[in-house]
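Engineer:
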Amino acid sequence: MAVVYEKTKLLTDKPLHYCPGCTHGIIHRLVAEAIDELGVQERTIGIAPVGCAVFAYDYFNCDMMEAAHGRAPAVATGCKRVNPNNIVFTYQGDGDLASIGAAEITHAATRGENITVIFVNNAIYGMTGGQMAPTTLPGQVTTTSPYGRDPALCGYPIRVSEMLATLDGSAYIARVSVHDVKHIMDAKKCIRKAFETQIAGKGFSLVEVLSSCPTNWGMTPKEALKWLEANMIPQYPLGVKKEVE
Numbered sequence: 497m498a499v500v501y502e503k504t505k506l507l508t509d510k511p512l513h514y515c516p517g518c519t520h521g522i523i524h525r526l527v528a529e530a531i532d533e534l535g536v537q538e539r540t541i542g543i544a545p546v547g548c549a550v551f552a553y554d555y556f557n558c559d560m561m562e563a564a565h566g567r568a569p570a571v572a573t574g575c576k577r578v579n580p581n582n583i584v585f586t587y588q589g590d591g592d593l594a595s596i597g598a599a600e601i602t603h604a605a606t607r608g609e610n611i612t613v614i615f616v617n618n619a620i621y622g623m624t625g626g627q628m629a630p631t632t633l634p635g636q637v638t639t640t641s642p643y644g645r646d647p648a649l650c651g652y653p654i655r656v657s658e659m660l661a662t663l664d665g666s667a668y669i670a671r672v673s674v675h676d677v678k679h680i681m682d683a684k685k686c687i688r689k690a691f692e693t694q695i696a697g698k699g700f701s702l703v704e705v706l707s708s709c710p711t712n713w714g715m716t717p718k719e720a721l722k723w724l725e726a727n728m729i730p731q732y733p734l735g736v737k738k739e740v741e
């Protein structure tokens with residue numbers, strides 16, 4: 497009988513700790529499948545962040561390291577430069593990457609560090625209680641913007657992918673979503689392409705993944721996916737923002 501579905505070797509058997517409806521689990525699988533299919537497991541190092549994915553080292557069946565909040569690109573830079581044959585990726589949320597880690601991600605990209613970044617954007621601080629993040633949408637209610645984000649007071653959301661695509665050192669930048677099957681399949685292709693960019697030695701690659709946070713958005717999982725599609729995608733248009741041949 498033909499195998500239709502099986503668990504990738506790059507994921508451990510440990511149950512995920514994420515909230516019901518959170519799409520971190522989907523993104524974990526896509527990353528793991530890409531590494532598995534490319535046959536680079538034995539030389540892959542993942543960098544776990546501070547945030548909802550802080551325990552990522554429990555779920556990926558490859559070498560993993562923990563970084564201080566926002567500093568994953570700096571740790572990844574060291575891992576890659578010490579041994580350029582390593583395949584190094586960071587897995588970061590929007591609070592980790594776009595706020596406290598904004599300098600690290602910008603300078604890693606402009607230096608053209610040959611690493612891959614998986615950037616999970618759920619428009620809110622997840623682990624710490626649902627505060628406003630750099631990616632929170634105008635009008636979006638959070639625990640620190642109870643009347644909705646006011647751009648006149650708090651500024652506008654940061655479009656990280658578009659910003660990093662302007663830098664000479666970036667080689668592949670894409671934004672994807674995992675709110676339905678079609679977009680999950682598209683996300684898989686882009687994540688694999690990002691790792692292929694690193695394997696080819698082309699430079700810095702990043703895939704931004706729009707993700708839902710039902711708990712902090714105060715929605716059911718189904719409502720959260722619909723809200724993502726209706727509100728986040730217009731603010732953060734999907735697609736490849738930069739690709740160096």
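Per my numbering, the sequence shown starts with residue 497, numbered consecutively.
Glycine included, every Cβ here is placed at the ideal spot set by N, Cα and C.
1. Less than 8 Å separating the beta-carbons of T573 and A604?
2. Evaluate contact between the stretch 670-678 and the stretch 689-708, counting only Cβ atoms and requiring at least three cross-stretch pairs below 8 Å.
3. Identify, in the order they occur along the chain, each residue of the same chain with its Cβ nearer than 8 Å to the Cβ of H679, setting aside the five sequence neighbours on each side.
4. Using the three-state DSSP reduction, which class does L702 fall into: helix, strand or coil?
5. Let me check understanding here. Comparing Cα to Cα, which of V616, S666, I729, G651 lies closest to V527?
6. Which whole runs of the alpha helix (DSSP H) in the stretch 635-663 are 4 residues long or more, in chain order?
7. Taking buried to mean at least 16 other C-beta atoms within 10 Å of its own C-beta, is E741 buried or exposed?
8. I'd like to check one pair, A564 with Q588: are the Cβ atoms closer than 8 Å?
9. Quick check: what's the CA-CA separation for L512 versus I523?
10. Any beta carbon from chain C within less than 8 Å of D559's own beta carbon?
11. Run through DSSP, which three-state label would I596 get?
12. Nearest to K689 by CA position, among Y668, M681, Y652, is which residue?
13. Where do the ends of the alpha helix (DSSP H) carrying V578 lie?
14. Whole-angstrom Cβ separation of G644 and G635, contact assumed at under 8 Å?
15. How many angstroms separate the CA atom of R539 from the CA atom of P580?
16. Tell me where the alpha helix (DSSP H) around Q537 begins and ends.
17. Could you tell me the alpha carbon to alpha carbon distance between I729 and R655, rounded to whole angstroms?
18. Is it true that the stretch 545-559 meets the stretch 500-517, where meeting means three or more beta-carbon pairs spaced less than 8 Å apart?
19. Return the first residue and the last residue of the beta strand (DSSP E) that K737 is part of.
20. By the three-class DSSP mapping on this structure, what secondary structure does N617 have?
21. Going by beta carbon distance, what residues of the same chain come within less than 8 Å of L507, once the five residues before and after it are set aside?
Structural biologist: According to the structure data:
1. Yes, the pair counts as a contact, with Cβ atoms nearer than the cut-off.
2. The stretch 670-678 is in contact with the stretch 689-708.
3. If we look at H679 and ignore the five residues flanking it on each side, its Cβ neighbours are V672, S673, L734.
4. The answer is strand: DSSP assigns L702 an E or B state.
5. If you compare the alpha carbons of V616, S666, I729, G651 with that of V527, the shortest gap goes to V616.
6. DSSP runs (the alpha helix (DSSP H)) wholly in the stretch 635-663: 647-650, 656-661.
7. It counts as exposed.
8. Their beta carbons are not under 8 Å apart, which means Q588 does not touch A564 by this criterion.
9. Inter-residue distance for L512 and I523 is about 12 Å (C-alpha atoms, whole angstroms).
10. Among the chains in the structure shown there is no chain C, since it carries only a single protein chain.
11. Helix at I596.
12. The option with the nearest alpha carbon to K689 is Y668.
13. Residues 568-578.
14. Contact flag correct, Cβ pair sits at about 4 Å.
15. One C-alpha to the other measures close to 10 Å.
16. Unbroken run through Q537: none, as it is neither H nor E.
17. Distance between the alpha carbons of I729 and R655: 12 Å.
18. Three or more Cβ pairs drawn from the stretch 545-559 and the stretch 500-517 lie within less than 8 Å of each other, which places the two stretches in contact.
19. Here the beta strand (DSSP E) through K737 covers 735-739.
20. DSSP, reduced to helix, strand and coil, places N617 within a strand of the structure shown.
21. Only H524, R525, A528, Y555, F556, N557 meet the Cβ criterion.
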